[in-house]
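Participant:
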Amino acid sequence: MSLDFEDLVGRYYSSLYKFAYSLTQAEADACDLTQQTFYVWATKGHQLRDTSKVKTWLFTTLHREFLESRRRHTRFPHYELSRMDGELPTVSAASVNQLDSKGVMDALARVDEVYKAPVALFYLRDCSYKEIADILDIPMGTVKSRIARGIAQLHTILSGTGSARHKERHD
Amino acid sequence: MTSQEAKEVLVLYRSDADRNDPDFAPALEQLLSDPELKGWFDQHCAIQKAVLSGFDQVPVPEGLKEQILSERKAHVNLGARRKARVLVLAAIPILLLIGFMVFYSNPPRRPDFSAFRLRMAGKVLRDYPKMDLETADLGQIRQYLAEHGGQKDYSLPPALEKTRGTGCAIFDWRGKKISMLCFNSGKNNNPKEADLFLFIVDRSAVREPAATNGAEIAAVKRLSTASWTSGDKTYLLAASGDERFLREYH
């Protein structure tokens, strides 16, 4: 794999920006995180020995930078649910047809923080489950659990049945 | 595998990314013999397709790629210029003359102040408390910055001179040296936690530096900022409080 800086930027900046935007919901913050990620690569990327892991390294770095920025502002609720409980909510055909990127991002913004990053990486489709687990530094089973729960929340929000957050927390 | 178990597997299925993943094979096979499951899956796929499309359509700002590349080039160019400077100093006067002529005929493009302010605000929100030196002593901070390539001879507003320090850091931004001084106003619960951040950059390092005739107040991200230029330095003070809080310190 080519590690030429310009090649890497061309290959990943769009996906990294979308991941950053999914996390921050703000264009300026997402641009800043994406720039910072490549800046860190430019200064520390040479330390990566396994060049096949560049993509994972970039996403991991962006996620860490994001967490660092939020560390002092937010305490993430940590709770695990081993499996989905119940059916996914039904989303009407009309709701589906009206979905655009703003609608999807607005809905994602209302998903619990702990599910947001796994769900964003899931929908970006750049990463396998193993890669998502590596990026978020959590076990594969936890990744799948969080994605499933996050999708359920997202569908609940998209179905217009209100914020999933409170309902899920009390399940 | 029950129908519910199959749904729990299939909810994670991405038709393009997971097609060859053997973990999904049994559940996908069950679709052939379970009409209710098949109906649920078709509806699920329709929603997923719409959400995926929403992700695909998130607009990436124009010029972001160029910004990333130009930041890198500025960093590389600075390194190259430093090496060139060493060679020129060791070479004969003619090379020195040529070197200066080349340098001045092609001056590097300087980033503008607003980009500096935006990135420093991002740094406050993201990087703190990564400080090179942690101390409450402003004298020690001044000495550290002077001895480690940071800005020297900076002048602090009187109110900041009386404020407790928490530390400092020196870092590069687009090839320019930045000094960051951190302070604690005494208005939060942790005396070691900074809530005021002063960035100092050489005035010549940025285009359109802050005004010299008073501070400019601006809200950037979740911060209040005040910026001014004095002598050969440009200052940016950032605080997580509101504008009134910030005005007490510059």
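So the protein lines, in turn, are chains Z and F.
Using numbering that gives the first Met the number 0, the letters of the first sequence correspond one by one to residues 0 to 170.
Using numbering that gives the first Met the number 0, the letters of the second sequence correspond one by one to residues 0 to 249.
Glycine included, each C-beta is placed from N, C-alpha and C at the ideal position.
1. Excluding five sequence neighbours on each side, which residues of the same chain lie with their C-beta closer than 7 angstroms to the C-beta of PRO117 of chain Z?
2. Unbroken beta strand (DSSP E) runs of length 3 or more, entirely within the stretch 151-227 of chain F: which are they?
3. So that I know if they touch, is there some Cβ in chain Z lying closer than 7 angstroms to that of LEU292 of chain F?
4. What residues in its chain sit with their C-beta under 7 angstroms from that of LEU123 of chain Z, if we drop five residues either side in the sequence?
5. Distance check for ILE169 of chain F and LYS43 of chain Z, CA to CA, integer angstroms please.
6. How should THR224 of chain F be labelled, buried or exposed, when 16 other C-beta atoms within 10 angstroms of its C-beta is the threshold for buried?
7. Are the CB atoms of LEU32 of chain Z and PHE65 of chain Z within a distance shorter than 7 angstroms?
8. Taking a contact to mean a Cβ-Cβ separation below 7 angstroms, would you say PHE198 of chain F touches LEU235 of chain F in this structure?
9. Using a C-beta to C-beta distance shorter than 7 angstroms, which residues of chain F count as neighbours of LYS26 of chain Z?
10. Threshold first: 4 residues or longer. Then list the alpha helix (DSSP H) segments lying entirely within the stretch 24-53 of chain F, N to C.
11. Spatial neighbours of TYR12 of chain Z within its chain, please: C-beta separation below 8 angstroms, excluding the five flanking residues on both sides.
12. Could you give the first and the last residue of the continuous beta strand (DSSP E) run that contains THR33 of chain Z?
13. Take every Cβ of the stretch 112-119 of chain F, pair it with every Cβ of the stretch 143-152 of chain F, and state whether three or more of those distances are shorter than 8 angstroms.
14. Which of the three DSSP states, helix, strand or coil, is assigned to LYS232 of chain F?
15. Confirm, please, whether the CB-CB distance from MET0 of chain F to PRO251 of chain F is below 7 angstroms.
16. Let me confirm a value: GLY53 of chain F is counted as buried when at least 16 other C-beta atoms fall within 10 Å, else exposed. Which label applies?
17. Quick check on DSSP: helix, strand or coil for ASP22 of chain F?
18. By Cβ distance below 7 angstroms, which residues in the same chain neighbour VAL219 of chain F in space, the five residues on each side in sequence not counted?
19. Measure the alpha-carbon distance for SER2 of chain F versus ASP33 of chain F and round it to whole angstroms.
20. Round the Cβ separation of SER68 of chain Z and LEU180 of chain F to the nearest angstrom and send it over; I've been treating them as touching at under 8 angstroms.
21. Please report the residue range of the alpha helix (DSSP H) in which ALA147 of chain Z lies.
22. In angstroms with no decimal places, state the Cα-to-Cα distance between HIS77 of chain Z and ILE137 of chain Z.
23. Please work out which residues of its chain come closer than 6 angstroms, Cβ to Cβ, to ARG243 of chain F, disregarding the five sequence neighbours upstream and downstream, and give them in chain order.
24. Enumerate in chain order the residues of its own chain whose CB-to-CB distance from HIS72 of chain Z is below 7 angstroms, with the five nearest sequence positions on each side excluded.
25. Excluding the 5 residues flanking ILE216 of chain F on each side, which residues of the same chain have their C-beta closer than 8 angstroms to its C-beta?
26. Indicate whether GLY166 of chain F and GLU133 of chain F have their beta-carbon atoms separated by less than 7 angstroms.
27. Could you name the residues of chain F that LYS17 of chain Z contacts, counting a contact when the two beta carbons are closer than 8 angstroms?
28. Please list, in chain order, all residues of the same chain as ASP84 of chain Z whose beta carbon is under 6 angstroms from its beta carbon, the five residues on each side excluded.
29. Please state whether the Cβ-Cβ distance between TYR20 of chain Z and ALA29 of chain Z is less than 7 angstroms.
30. For LYS143 of chain Z, go through chain F and note every residue whose CB falls closer than 7 angstroms to its CB, in chain order.
31. Could you give the residue range of the alpha helix (DSSP H) that holds LYS52 of chain Z?
32. Between LYS64 of chain F and chain Z, is the shortest Cβ-Cβ distance under 7 angstroms, so that the two count as touching?
33. Quick check: the Cα distance between GLN142 of chain F and GLN24 of chain Z, rounded to an integer number of angstroms?
34. Looking at C-alpha atoms only, which residue of Z:LEU47, Z:ARG63 and Z:HIS154 is the closest neighbour of LEU22 of chain Z?
35. Note down, in chain order, every chain F residue with its Cβ under 8 angstroms from the Cβ of ASP133 of chain Z.
36. Hey, would you say LEU30 of chain F sits closer than 7 angstroms to PHE23 of chain F, going by beta carbons?
Facilitator: With the given structure in hand:
1. Contacts found: ILE131, LEU135, VAL142, ARG145, ILE146 and GLY149.
2. You should have 163-172, 175-183, 195-201 and 215-219.
3. Outside the modelled stretch of chain F, which goes from 0 to 249, sits residue 292 of chain F, for which no answer is possible.
4. Closer than 7 angstroms at Cβ, skipping near neighbours: SER14, LYS17 and PHE18.
5. About 17 angstroms.
6. A residue is called buried once 16 or more other Cβ atoms fall within 10 Å of its Cβ, and THR224 of chain F is buried on that count.
7. A contact, by the Cβ cut-off of 7 angstroms.
8. A distance below 7 angstroms separates the beta carbons of PHE198 of chain F and LEU235 of chain F.
9. According to the sequence displayed, residue 26 of chain Z carries Glu and not Lys. Within 7 angstroms Cβ-Cβ: PRO60.
10. Taken in chain order, the complete alpha helix (DSSP H) segments of 4 residues or longer contained in the stretch 24-53 of chain F are 24-29.
11. Cβ neighbours of TYR12 of chain Z beyond the five flanking positions: THR33 and PHE37.
12. Where THR33 of chain Z is concerned, there is no enclosing beta strand (DSSP E), although the alpha helix (DSSP H) it sits in stretches over 26-43.
13. In short, these stretches do not touch, since the Cβ pair count stays below three.
14. In the structure shown, the three-state DSSP call for LYS232 of chain F is strand.
15. Outside the modelled stretch of chain F, which goes from 0 to 249, sits residue 251 of chain F, for which no answer is possible.
16. By the Cβ-count criterion, GLY53 of chain F is buried, with 16 or more other Cβ atoms from all chains shown falling within 10 Å of its own Cβ.
17. In the three-state DSSP reduction, ASP22 of chain F falls in the helix class (H, G or I).
18. Its chain contains ARG116, LEU117 and ALA120 as the residues whose beta carbon lies nearer than 7 angstroms to that of VAL219 of chain F, once the 5 sequence neighbours on both sides are disregarded; these appear in chain order.
19. Each residue's alpha carbon lies about 8 angstroms from the other.
20. So it is not a contact: roughly 20 angstroms between Cβ atoms.
21. First-last of the alpha helix (DSSP H) with ALA147 of chain Z: 139-157.
22. For HIS77 of chain Z, the pLDDT reaches just 37, beneath the cut-off of 50, and the residue's location in the model is therefore unreliable, although a value from the coordinates is still provided. Roughly 12 angstroms between the two C-alpha positions.
23. For ARG243 of chain F, where only same-chain residues beyond five positions count, there are no Cβ hits under 6 angstroms.
24. Unreliable placement is indicated for HIS72 of chain Z, whose pLDDT of 49 sits below 50; no coordinate value is reported for it.
25. Contacts found: SER223, THR224, ALA225, GLU242, LEU245 and ARG246.
26. When the beta-carbon positions are compared, GLY166 of chain F and GLU133 of chain F come within less than 7 angstroms of each other.
27. Within chain F, the residues near LYS17 of chain Z are PHE54, VAL57 and VAL59.
28. Confidence is the limiting factor: at ASP84 of chain Z the pLDDT is only 47, short of 50, which leaves the residue's position unreliable, though a coordinate-based value still follows. If we look at ASP84 of chain Z and ignore the five residues flanking it on each side, it has no Cβ neighbours.
29. It is a contact, given that the beta carbons lie within the stated cut-off.
30. Under a criterion of Cβ atoms nearer than 7 angstroms, the residues of chain F adjacent to LYS143 of chain Z are, in order, LEU11.
31. Element bounds for LYS52 of chain Z: n/a, residue is neither H nor E.
32. With respect to chain Z, the C-beta atom of LYS64 of chain F has a partner C-beta closer than 7 angstroms.
33. Distance between the alpha carbons of GLN142 of chain F and GLN24 of chain Z: 41 angstroms.
34. Closest option to LEU22 of chain Z, Cα to Cα, is Z:ARG63.
35. Per Cβ cutoff of 8 angstroms: no residues; ASP133 of chain Z is ~16 angstroms from chain F at best.
36. Annotated as distal: LEU30 of chain F and PHE23 of chain F, with beta-carbon spacing of 7 angstroms or more.
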